[in-house]
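What follows is a single structure, written as structure tokens, with notes after it.
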Amino acid sequence: MTKNKSGSRTMLMSVLMSAPGPIVVGIGLFMGKSSTQLADFIRRSAELMAIIVAFITYQFTTKPSMDTAQKQLLERRSNLFVGIAMCVSGISMLLIALFSKNTEQGNVIPGLCIALLGVVANTIFWFRYKKLGTVQNNTILLVQSRLYRAKSLVDICVTTALFVVLFLPGSTIAFYFDRIGSAVVSVYLMWCGCQTVVEHKK
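For the sequence shown, position 171 matches number 228 in my numbering, and the numbering has no gaps at all.
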């Protein structure tokens, strides 16, 4: 029971800390026009929905009265949703990176601040979920560990791209870093999402 409470607290904290991300980055979109920032907004929105679904599912599946077969079914569906969310956000970001004709990056500071904070917070959650998932042998927590590993690496990529856009605005290198940043993020997300879907589709 104590282990379940620890998992619940960690997932609740994940939801609370992830919720402001799409809002702040969305506000930044009114101030700037970076394709990386727009892609980051789509990614964070999809991931927030996946985290909320996983949190709700975890509350049900950790109840002692839950039937084993029903528990496994709910866990599998939750993990599939997380995987699909990663794939959808990755595809959306790739389309933006490839077909967006906007060359004005504008103010990327809000998105950069969120990405920097994300690197720290998501790395902590990555290792926290990995530890809890291993101890509890819980697939929801282990898939959340994979999600947060992806989020950590993605935020590093986004931070790098937005730093270049910030310090070299309007330059050719900023343009390509912006687009390449979106493309790298999208491919990695799709890879993680497909891996999760394949593992839990049966």
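Cβ atoms here follow ideal geometry from the backbone N, Cα and C, with glycine treated the same way.
*Below 8 Å, can you find three or more Cβ-Cβ pairs linking the segment 181 to 190 to the segment 120 to 140?*
no
*Between Gly85, Phe232, Gly238, Asn136, which lies nearest to isoleucine 213 when the distance is taken from Cα to Cα?*
Gly238
*Residue nearest to glutamine 116 in terms of C-alpha spacing, selected from Leu173, Gly64, Asn179*: Gly64
*Alpha carbon to alpha carbon, how far is cysteine 251 from leucine 151? Give it in angstroms, no decimals.*
15 Å
_Looking at isoleucine 197: is its Cβ nearer than 8 Å to the Cβ of alanine 111?_
yes
*Thinking valine 176 and serine 209 are a contact (beta carbons under 8 Å), I'd like their distance in whole angstroms, please.*
6 Å
*Do valine 72 and isoleucine 109 come within 8 Å of each other at the CB atom, strictly closer than that value?*
yes
*Output the boundary residues of the alpha helix (DSSP H) element that contains asparagine 164.*
Counting along the chain, asparagine 164 falls outside any alpha helix (DSSP H), and DSSP gives it neither H nor E.
*Expressed to the nearest angstrom, what Euclidean distance is found between the alpha-carbon atoms of methionine 123 and isoleucine 113?*
14 Å
_Simplified DSSP assignment, three categories, for proline 77_ = helix
*State the CB to CB distance for the pair glycine 147 and methionine 247, rounded to an integer number of angstroms; the pair is presumed to be in contact (CB under 8 Å).*
4 Å
*lysine 208, DSSP secondary structure in three states*: helix
*Just how far apart, CA to CA, sit proline 121 and lysine 258?*
25 Å
*What residues in its chain sit with their C-beta under 8 Å from that of alanine 178, if we drop five residues either side in the sequence?*
Met74
*Does the distance from the CB of alanine 154 to the CB of threonine 216 come in under 8 Å?*
no
*Please work out which residues of its chain come closer than 8 Å, Cβ to Cβ, to cysteine 144, disregarding the five sequence neighbours upstream and downstream, and give them in chain order.*
Leu246, Met247, Gly250, Cys251, Val254
*Taking C-beta to C-beta, are leucine 169 and leucine 223 nearer than 8 Å?*
yes
*So, using beta-carbon positions, are alanine 17 and glutamate 104 closer together than 8 Å?*
Here the chain comprises residues numbered 58 to 259, so residue 17 is not present and cannot be evaluated.
*Straight-line CA distance for glycine 85 to leucine 137?*
31 Å
*Look up leucine 105 in the DSSP assignment and say whether it is helix, strand or coil.*
helix
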